[in-house]
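S.K.: Would you mind keeping the following structure in view while I ask a few things?
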Amino acid sequence: MKNNNIDSICIVVPSLQKGGMERVVSLLGNNLLVYLKNVYIITLTSDKVEYEIDTRVNIIHLNRSLKNRVLLSYQLFKALRDIRPKVIVGFSEVFNPFTIVAGKLNGISVFVSDRSSPVIKYSFRDYILKKLTYPLSKGIIAQTDLAKRTLQIKKLNSNISILPNPVSAFNNTDFNFEIKRIISVGRLTKTKNQLELIKIFKEINNPEWELLIVGEGKNRVELERFISDNKLGYSVKMVGKKDNIEKQLSKASIFAFTSLSEGFPNVVLEAMAFPLATIAYDCPAGVSDLIENRVNGYLIPLNDFGLYKKELKFLMNNHEERLRIMKNAIKVREKYSQSIITKRFYDLITG
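For the record, in the sequence shown the residue sitting at position 234 is 234 according to full-length UniProt numbering, with numbers rising by one throughout.
Have a look at this one:
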């Protein structure tokens, strides 16, 4: 039964700097104003706000280090005591246990949302903290089906719901299926696996096509060295981190994703919604929740280099197939729209 007495919420998040989790919090915060009188966001570690937040959303910065979790917990307890929201939602596996305690000590219901890949290994301390506190929360919000099943196995809470992330509101209606450019967006890390994508592109060896890699990270030097050693500079471009994702996606017709692990593949959802013809490894977790193979994208078994190469080559050589995939992929705009996901979120916390 819906609790109509809930008129305020506080979302607790490490920061509002650039990141997938932070983007989701900003979108939910803005859209929850349709349903709630007061929306609060408490940031734990930074006072930088790198997303557009409605001025009616109350942002409270604790600006503390996560290293001193006891002090941070006390500051959070005091902040929650002052604002007295009807419900709290924690967005940080590392700090969710402390959010639960701070909320419970104030007599406030707490939901927690785990944002990392469900296959990630936690330290013994963090595992014990989750085991002790998660059962005290009112419920856990998982991003994917795999995440829910993993949480059920761990028996951290009996109330586990799936809530995927909302997609950005793209307005373009063009299908740029004739552009001979592949794009990959993400941090340059081992887990994101861009080196494998470059190797696949190299073996396909189609001089009419370019590969555009957007992002920054500690693997940049290794990627640049491989590009230089293999004389790929004319066809593989590394353009660094870009803020306007829509502008970058407009430069390509294919989105290629080779990540080995995800919490929720926001960038895949964004690419499909744009829309681009998307090909992705079926990594844990979330990609298979978005892509139906050969219907609205291409879903490749993880680490199947040969099949990925074969299917990417097929997409590159068939512009009509790219168009067909785009027309199906764009349907995620409605399913994962901000209004629909926010309504589901609201129903979840008031149910």
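Glycine included, C-beta positions come from ideal geometry on N, C-alpha and C.
Note down the Cα distance separating leucine 323 from leucine 276, rounded to an integer number of angstroms.
M.R.: Distance between the alpha carbons of leucine 323 and leucine 276 is about 9 angstroms.
S.K.: Note down, in chain order, each residue of its chain lying with its Cβ closer than 7 angstroms to the Cβ of leucine 312, except the 5 sequence neighbours on either side.
M.R.: Result list for leucine 312: Ile200, Ile204, Ala256 and Ile279, in chain order.
S.K.: Taking 7 angstroms as the limit between beta carbons, can you name the residues of its chain near isoleucine 325, skipping five residues before and five after?
M.R.: Within the same chain, isoleucine 325 has close Cβ partners Ala277, Asn296 and Gly297.
S.K.: Determine, using beta carbons only, whether alanine 285 and leucine 249 come nearer to each other than 9 angstroms.
M.R.: In this structure, leucine 249 does not lie closer than 9 angstroms to alanine 285 by Cβ.
S.K.: Among Pro265, Asp347, Leu33 and Ile59, whose alpha-carbon lies nearest the alpha-carbon of glycine 19?
M.R.: Ranking Pro265, Asp347, Leu33 and Ile59 by Cα distance to glycine 19 puts Pro265 first.
S.K.: Applying the criterion that 16 or more other CB atoms from any shown protein chain within 10 Å of the CB defines a buried residue, is aspartate 7 buried or exposed?
M.R.: Burial call: exposed.
S.K.: On a CA-only basis, which of Ser15, Cys10 and Leu27 is nearest isoleucine 341? Give me that one, please.
M.R.: Checked all of Ser15, Cys10 and Leu27; the closest Cα to isoleucine 341 is Leu27.
S.K.: On the three-pair Cβ rule with 8 angstroms, is the segment 140-160 touching the segment 107-118?
M.R.: At 8 angstroms Cβ cutoff, the stretches touch.
S.K.: Comparing alpha-carbon positions, which option in Thr99, Gln152, Ala252 and Phe95 lies nearest residue 354?
M.R.: Absent from the structure is residue 354, since the part of the chain shown begins at 1 and ends at 351.
S.K.: Return the CA-CA distance between leucine 290 and asparagine 157, expressed in angstroms with no decimal places.
M.R.: Each residue's Cα considered, the two are about 26 angstroms apart.
S.K.: What is the DSSP secondary structure of asparagine 172, counted as helix, strand or coil?
M.R.: Asparagine 172 falls in the coil class under three-state DSSP.
S.K.: Using the beta-carbon count (16 or more within 10 Å), is glycine 240 buried or exposed?
M.R.: Answer is exposed; the Cβ neighbour count stays below 16.
S.K.: Determine the contact status of asparagine 252 and isoleucine 330, defining contact as a CB-CB distance below 9 angstroms.
M.R.: Correcting the residue type first, residue 252 is alanine in the shown sequence and not asparagine. Taking 9 angstroms as the Cβ cut-off, alanine 252 and isoleucine 330 do not qualify as a contacting pair.
S.K.: Asparagine 293 bridges to which residues according to DSSP?
M.R.: For asparagine 293, which the question treats as bridged, DSSP gives the partners Gly297.
S.K.: Given valine 268, which residues of its chain have a CB within under 7 angstroms of its CB, disregarding the five upstream and five downstream residues?
M.R.: Excluding positions up to five away in sequence, the list reads Phe257, Thr278, Ala280, Val287 and Leu290.
S.K.: How big is the Cα-Cα spacing for lysine 335 and lysine 192?
M.R.: Using only the alpha carbons, I get a separation of about 26 angstroms.
S.K.: Look up valine 268 in the DSSP assignment and give the residues it is bridged to.
M.R.: Valine 268 is not bridged to any residue.
S.K.: Less than 9 angstroms separating the beta-carbons of glycine 187 and glycine 217?
M.R.: Looking at the sequence shown, residue 187 is not glycine but arginine. For arginine 187 and glycine 217, yes; Cβs fall inside 9 angstroms.
S.K.: Identify, in the order they occur along the chain, each residue of the same chain with its Cβ nearer than 8 angstroms to the Cβ of asparagine 58, setting aside the five sequence neighbours on each side.
M.R.: Cβ within range, chain order: Asn38, Val39, Tyr40, Ile41 and Ile83.
S.K.: Are the CB atoms of leucine 44 and serine 15 within a distance shorter than 9 angstroms?
M.R.: Yes. Within cutoff.
S.K.: Between which residues of its own chain and residue 354 is the CB-CB distance below 7 angstroms, once the five residues before and five after are set aside?
M.R.: Residue 354 lies beyond the residue range present for the chain, which begins at 1 and ends at 351; the question has no answer from this structure.
S.K.: Check whether the Cβ atoms of alanine 147 and proline 166 sit closer than 9 angstroms, and answer yes or no.
M.R.: Against a cut-off of 9 angstroms, the Cβ pair of proline 166 and alanine 147 comes out as no contact.
S.K.: Can you have a look at leucine 307 and say buried or exposed, based on whether 16 or more other CB atoms are within 10 angstroms of its CB?
M.R.: Looking at its Cβ environment, which holds fewer than 16 other Cβ atoms inside 10 Å, leucine 307 is exposed.
S.K.: Under DSSP, the alpha helix (DSSP H) around asparagine 58 begins and ends at which residues?
M.R.: First-last for asparagine 58: 58-61, but that is the beta strand (DSSP E), not the alpha helix (DSSP H).
S.K.: Whose CA, out of Leu195, Ile245, Asp304 and Glu262, lies closest to the CA of residue 362?
M.R.: The structure shown has nothing for residue 362, since the chain only spans 1 to 351.
S.K.: Taking DSSP as the reference, what is the three-state secondary structure of lysine 237?
M.R.: Of the three classes helix, strand and coil, the one that applies to lysine 237 here is strand, per DSSP.
S.K.: Cα separation between asparagine 106 and asparagine 68?
M.R.: Answer to the nearest angstrom: the Cα atoms are 21 angstroms apart.
S.K.: Within 10 Å of its beta-carbon, does glycine 263 have 16 or more other beta-carbons around it, so buried, or fewer, so exposed?
M.R.: Result: buried.
S.K.: For leucine 136 and glutamate 208, what's the separation of their Cα atoms in angstroms?
M.R.: Rounded to whole angstroms, leucine 136 to glutamate 208 spans 58 angstroms at the Cα level.
S.K.: Are isoleucine 53 and glycine 29 touching if we call contact CB-CB under 9 angstroms?
M.R.: Yes.
S.K.: For glycine 215, collect the residues of the same chain with a Cβ closer than 7 angstroms to its Cβ; drop the 5 residues on either side in sequence, then sort them by chain order.
M.R.: Cβ neighbours of glycine 215 beyond the five flanking positions: Val185, Gly186, Arg187, Leu188 and Lys241.
S.K.: Got a sec, what are the start and stop residues for the beta strand (DSSP E) asparagine 205 sits in?
M.R.: Per DSSP, asparagine 205 belongs to no beta strand (DSSP E) and is neither H nor E.
S.K.: Measure the alpha-carbon distance for aspartate 47 versus leucine 62 and round it to whole angstroms.
M.R.: Approximately 8 angstroms between the Cα atoms of the pair.
S.K.: Below 6 angstroms CB to CB, which residues in the same chain sit around glycine 90 once its five sequence neighbours on both sides are set aside?
M.R.: Result list for glycine 90: Val12, Asn96, Thr99 and Val112, in chain order.
S.K.: For alanine 277, list the residues DSSP reports as bridge partners.
M.R.: In the DSSP output, where bridge partners are listed per residue, alanine 277 has Ile254.
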